[in-house]
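Residue numbers (our numbering): 343 to 1112.
Note sheet for the following structure.
Laid out in structure tokens, this is it:
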């Protein structure tokens, strides 16, 4: 049985406002559906019921203008149900305006005991709806069929047969579940408590483990008592010490007590283990439920998109159908709220720039109606939002010329840019390929807003275009802003966390590869200079005077576009003491009384309960820029000794998983090989062309270029065709192994059966020992 909510504290006008808003959503959705369904029987019934409900509610609160307008809308829908009239797109325009006016009236009622309305606007719409009914009826009587709009052909939605009587209106189901408003601060505190419960559960597990060790020691003690009694019995037998029976009794009592303690300890440990499991499960459920309070179905914020697309398309003389896949996909409320405006920009650009007019589409063999598709899914622990259209797409040569015209780069550099690099210019502020500036778009505002917003929430944005077929935007976002996937590093004996989405790469950099130019240390990464700076200097922490053969470097960027040949340095290598690994952290905002702490964005608790600070990468970049401009750069390594020259066999490990990369790197380096890493296939392809490697070890499923494609590229290159390649993948199907070997791999290993000796044996077999 559904639990009813308590509305006793609400006024009748507040209840009326809730009613109108709930029914207004029904009216909007059903009116839009009229233009896509040839026989919208259910939609017309829903429209009639919604208008009837609003009329009844307005009569109760004595808002006569709303009664009049809703009554006239109801008459219109009843006439459409019976087949007396045919609703065209122009008629739907009028009815949608009536819905908007009802919603405005509802807003004016909230917290207002005497709301005022624009009677003239209401009467104009009442007359317009009356004209729909009368003009359609008169046309039907004389058998006329007119086209009401020249720009967009109207569709006929005539109901072929009279409909059965509509059941009596029921009160709208405006509250599916009880809704309580909770402040963001309260949710953050609840999130913090949920995180602490997980930490306490981890502590209990550690405590249970210590009891297990105590139980083992107790068993050892019992065994020692057994041996002691046995020895004592032998002594007594040999020397006939009949007077030492008391000692034997004491030993026997000690053995019995030890046994009882061991039994009691075993029972309590078992009980504690069961409690740990229950508490850990409860903490995890609490944590997930709190996370869920931050989430909402995508449709909650996306319900206004269909109306906007429909209205804008009609304004531009275009026919556009919007498809939303994954409406029920849960999205973090904060992320969805920030994305709402950028998504509007994307849709507006798609309608204005992407989708052609009906005449243009027919001329190139496309259907008159264009399609924009939004797909929202969870995949691999991330939220993916894909927005695609089947419009004209972007002509790469036009884009290339526009980049040159705007003086972003020289014609020589522009000629060398790939399609991926060219598309990144679309995300620059003020950049547009529109020939004319309109009120809708063409001002260079849109994709740069999307790009900056996506980066702010820790996501990535990628655009792919097929000229003549459309444009697709891929937004990859975290599932929540409350939990952050991070790389933990150690700096001055303290842990710090970097959001993985803001890290370009992690590198174990040999000292000998550092280059000094104008007192600035840097190294080359994929033909890009990466300036080196010590994390100790940036964070103003004590430096470590350790002489190291390798430096642990976190590569970050200033957010600029990655354009080959740019004069400005975009990448920085932050030198830390060591990498600690990946970790998911529950983000806890800092106390606002502390103000803005330089280079730090938030805090968190690790599994063992110890605190960790989360680095603000944007702030770090600003601090680095300030240090560089001041000329006060300190040395990244205190070693003054020369590194002993040694010949290493060099291996490139290519994998998009930092865990797999580091595991393979450590394994190979521990066995005498020199190892570089690449985060995806394209990164690996750039590295293998600019480096001198004896072997490539690659994964298959990677962004930008997969392992099969990388292997094929290597085999097709005249200088690299003999470079050995080993594929290590989770894919263990025979056809995948065959495909890998056909692409030219020397070995195909599966991670499911991965053992250190397996990979090492393959590497030694191919290039010998390190």
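Note that CB positions come from ideal geometry on N, CA and C, so glycine has one too.
- In this structure the segment 748-768 does not lie against the segment 664-678, because fewer than three pairs of beta carbons, one per stretch, are closer than 8 Å.
- Apart from the 5 residues on each side of it in sequence, residue 920 sits with its Cβ closer than 8 Å to the Cβ of 831, 832 and 894 in its chain, given in chain order.
- The beta strand (DSSP E) runs of length 3 or more contained entirely in the segment 717-784 are, from start to end of the chain, 724-731.
- Residue environment analysis places residue 835 among the exposed positions, since fewer than 16 neighbouring C-beta atoms fall within 10 angstroms of its C-beta.
- Residue range 789-798 is occupied by the alpha helix (DSSP H) that includes residue 794.
- Going by C-alpha positions, residue 472 is about 11 Å away from residue 436.
- Going by DSSP, residue 409 is part of the alpha helix (DSSP H) stretching over 406-424.
- The straight-line gap separating the alpha-carbon atoms of residue 720 and residue 795 is approximately 19 Å.
- By the criterion of a C-beta distance shorter than 7 Å, residue 998 is surrounded in its chain by 1021, 1022, 1041, 1044 and 1045, once the five residues flanking it on both sides are discounted.
- For residue 856, the secondary structure class from DSSP, reduced to helix, strand or coil, is coil.
- Separation of the CB atoms of residue 917 and residue 978 is rounded to 5 Å, and the pair is thereby assigned contact status at 8 Å.
- By the beta-carbon neighbour count (other beta carbons within 10 angstroms, threshold 16), residue 1025 is buried.
- The Cβ atoms of residue 1069 and residue 1101 do not sit closer than 8 Å to each other.
- Taking 8 Å as the upper bound for CB-CB distance, residue 688 and residue 792 are in contact here, some 6 Å apart.
- The residues 365, 368 and 369, in chain order, have a CB closer than 7 Å to that of residue 392 in the same chain once the five nearest residues on each side in sequence are set aside.
- The C-beta distance from residue 838 to residue 957 rounds to 6 Å, short enough to meet the 8 Å contact threshold.
- Under the three-state reduction of DSSP, residue 863 is assigned to strand.
- Inter-residue distance for residue 1030 and residue 994 is about 8 Å (C-alpha atoms, whole angstroms).
- One alpha carbon belongs to residue 619, the other to residue 869, and they sit about 51 Å apart.
- Under DSSP, residue 701 forms no beta bridge with any residue.
- In the same chain as residue 944, and ignoring 5 residues on each side of it, the C-beta atoms closer than 7 Å to its own belong to 929, 930, 931, 932 and 956, in chain order.
- Non-local beta-carbon contacts of residue 643 in its own chain, meaning distances under 6 Å to residues more than five positions away in sequence, involve 678 and 682 in chain order.
- Annotation for residue 992: the continuous beta strand (DSSP E) segment containing it runs 992-996.
- Contact check for residue 707 against residue 734 fails: the beta carbons are separated by 8 Å or more.
- 863 is the residue among 863, 1080, 1039 and 637 whose C-alpha sits nearest the C-alpha of residue 974.
- Counting along the chain, residue 1016 sits inside the beta strand (DSSP E) bounded by residues 1016-1020.
- Going by C-alpha positions, residue 360 is about 20 Å away from residue 639.
- Inter-residue distance for residue 1077 and residue 1055 is about 20 Å (C-alpha atoms, whole angstroms).
- In this structure, residue 386 keeps its C-beta atom at 8 Å or more from the C-beta atom of residue 411.
- In terms of Cβ geometry, residue 731 and residue 714 form a close pair [threshold 8 Å].
- In this structure the segment 597-613 lies against the segment 554-568, because at least three pairs of beta carbons, one per stretch, are closer than 8 Å.
- With a 10 Å radius around the Cβ and a threshold of 16 neighbouring Cβ atoms, residue 946 comes out buried.
- Between residue 866 and the set 633, 849, 826 and 882, the nearest pair of CA atoms involves 849.
- Residue pairing by DSSP places residue 840 opposite 829 in a beta bridge.
- In terms of Cβ geometry, residue 818 and residue 726 form a close pair [threshold 8 Å].
- Boundaries cannot be given for residue 403, as no alpha helix (DSSP H) includes it and DSSP labels it neither H nor E.
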